[in-house]
Amino acid sequence: MNYQTSPGAPVRSGVPEHGRVPKYYAVKAKIALMVDELGEGGQLPTERDLALRYEVSRETVRQALRELLLEGRLRRRGRGTVVAGPKLEQPLSLASYTEGVRRQGRRPGRSLISLDRFPCPEALAPEVGAERGEPVWHMERVLLADDERVGLESTYVSEARVPRLDTEFDPDSSFYAYLHDRLGISFGDADERIETVLATPREALLIGTPPALPMLLLHRVSRDTAGRPLERVRTLYRGDRFSFTTHLGQQN
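Right, here's the structure in full:
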């Protein structure tokens, strides 16, 4: 069997065992080679030019480009299509989003959408260490990397733990750094779950993506070093701009 030599590449470049390759996929493979040659920021020919080059319909080219866009290999710029940069690698750890983006030489940022207080519902109470009906903060922010919108973060935390969140905290900065530096609260451990979803129309509008773009959804419930519940976070990351990494070790 003709295996790809590139680590992590699909076996036989994704060709089915019966050997019949969909026409769009053959075009996609050719465009992918062009993407590698052009490099980040390189401008692709128009759909019409690609259709003429590969002697296929524009709809076939469109389907190939659509997959490469969803995979994060390409991105739209104005009316054209250019080669995207590498995906941001976010570690699955207690490190903040800010730290993860900075490690890759990008400039992190956040844009505040809303900061509200509401009575804690029963289902949320044990996750943030509050009693039912006690005030809880909900902070919603768009995640930025070099001013590009890449995600949407919702944070829930008890007002009793963070009483002056609305007056002391800069919403463009790291919440974890604020807890540690201003309040002396450190994270001890967390439970995290990851799934793939499609953004709601509102979420897609805030992040600036089409609703059909797959998202990576992270649910995190964190505790402080004393084991007390601290925060609940729901974060949507663009599936075309993010991958997640972790280190696995042998358990004793």
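The numbering used here numbers the first residue of the sequence shown as 1150 and each following residue consecutively.
Glycine included, C-beta positions come from ideal geometry on N, C-alpha and C.
Query: Every unbroken alpha helix (DSSP H) within the region 1281 to 1347, with a cutoff of 4 residues, ordered by chain; Result: 1314 to 1317 and 1324 to 1332
Query: Proximity below 7 Å, CB of ARG1259 to CB of ARG1290; Result: yes
Query: Boundaries of the beta strand (DSSP E) in which ASP1265 is found, first to last residue; Result: 1257 to 1268
Query: Closest by C-alpha distance to ARG1377, when choosing among ASP1198, LEU1217, PRO1275 and TYR1203; Result: PRO1275
Query: Collapsed DSSP secondary structure at PRO1363 in the structure displayed; Result: strand
Query: Beta-carbon proximity of GLY1234 to GLU1189, cut-off 7 Å; Result: yes
Query: Simplified DSSP state of GLN1212, which is helix, strand or coil; Result: helix
Query: Whole-angstrom distance between HIS1287 and VAL1123, CA atom to CA atom; Result: Look at the range of the chain in this structure, 1150 to 1401, and you will see that residue 1123 is not part of it.
Query: Close Cβ partners of ILE1180 (< 6 Å) along its chain, the five nearest in sequence each way excluded; Result: ALA1213
Query: Rounded straight-line distance, which links the Cα of THR1394 to that of ARG1252; Result: 13 Å
Query: For HIS1368: DSSP bridge partner residues; Result: ARG1342 and ARG1383
Query: Length of the line joining the Cα atoms of ASP1198 and ALA1178; Result: 16 Å
Query: Residues sharing a beta bridge with GLU1238, DSSP; Result: SER1392
Query: Burial state of ASP1389 (16 or more Cβ within 10 Å); Result: buried
Query: Paired residues, beta bridge with PRO1378 - DSSP; Result: ARG1372
Query: VAL1382 vs ARG1369 beta-carbon contact at 7 Å; Result: yes
Query: Minimum C-alpha distance to ARG1281 - residue among PHE1267, LEU1292 and LEU1293; Result: PHE1267
Query: Own chain residues within Cβ distance below 6 Å of PHE1318, not counting five before or after; Result: TYR1327
Query: Residues sharing a beta bridge with ARG1169, DSSP; Result: Answer is none; ARG1169 lacks a bridge partner.
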